[in-house]
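If you read the sequence shown in numbering that gives the first Met the number 0, its first letter stands for residue 0, the second for the next number, and so on.
Notes follow once the structure below has been shown.
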Amino acid sequence: MSHILSRNATVSTTENVLKREVLARSPRKSIKRAAQKSPLNKKVLGKIITIELKVFPYKFQEHHPLKKGGNGTMTRVCNEVGRIDNNTFHVMKVWFNDEAHFTLDGYVHKQNWRI
Numbered sequence: 000m001s002h003i004l005s006r007n008a009t010v011s012t013t014e015n016v017l018k019r020e021v022l023a024r025s026p027r028k029s030i031k032r033a034a035q036k037s038p039l040n041k042k043v044l045g046k047i048i049t050i051e052l053k054v055f056p057y058k059f060q061e062h063h064p065l066k067k068g069g070n071g072t073m074t075r076v077c078n079e080v081g082r083i084d085n086n087t088f089h090v091m092k093v094w095f096n097d098e099a100h101f102t103l104d105g106y107v108h109k110q111n112w113r114i
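Written out as structure tokens, the structure reads:
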């Protein structure tokens, strides 16, 4: 079956057109949910979606809104970290936890965060 999916499709069959329409109607539906409503299993449907239809799954990203007064806290922390060069900042007093690391624009590092 994999050799059939690996070659370039040159003809749009009615079956492929129907698959595209199903995905276009519900693009947020997971491959698992789509496989439950089709005669194909999850792995084959995933290959069809990525190879033939050129649609790729993505990981969910969560963005945390900044809390009220958060800008002042971030500014204070940046100023404290800026004191490292002056030798007035005590590096041994920094405390780290195992929560996800994220940037100020809301990006969550994938290796540190899972759904």
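All C-beta atoms in this analysis are idealised placements derived from N, C-alpha and C, irrespective of residue type, glycine included.
Just so we're clear, the structure is a prediction, and the values are computed from it rather than from any experiment.
**Request:** Starting from the N-terminal side, write out each stretch of the beta strand (DSSP E) that is 3 residues or longer and does not extend beyond the stretch 51 to 87.
**Result:** none
**Message:** Rounded to whole angstroms, what is the Cα-Cα separation between L22 and A33?
**Reply:** Numbered from 1 along the sequence shown, position 23 holds the residue referred to as residue 22. Numbered from 1 along the sequence shown, position 34 holds the residue referred to as residue 33. Each residue's Cα considered, the two are about 8 Å apart.
**Request:** Give the straight-line distance between the Cα atoms of T74 and P56, rounded to the nearest whole angstrom.
**Result:** One-based indexing of the sequence shown puts residue 74 at position 75. One-based indexing of the sequence shown puts residue 56 at position 57. T74 and P56: Cα-Cα distance of roughly 37 Å.
**Request:** Mark I47 as exposed unless 16 or more other C-beta atoms lie within 10 angstroms of its C-beta, in which case mark it buried.
**Result:** Within the sequence shown, the letter at position 48 stands for residue 47. I47 comes out buried.
**Cβ of N85 within 7 Å of any chain B Cβ** = The structure shown has no chain B; it contains just one protein chain.
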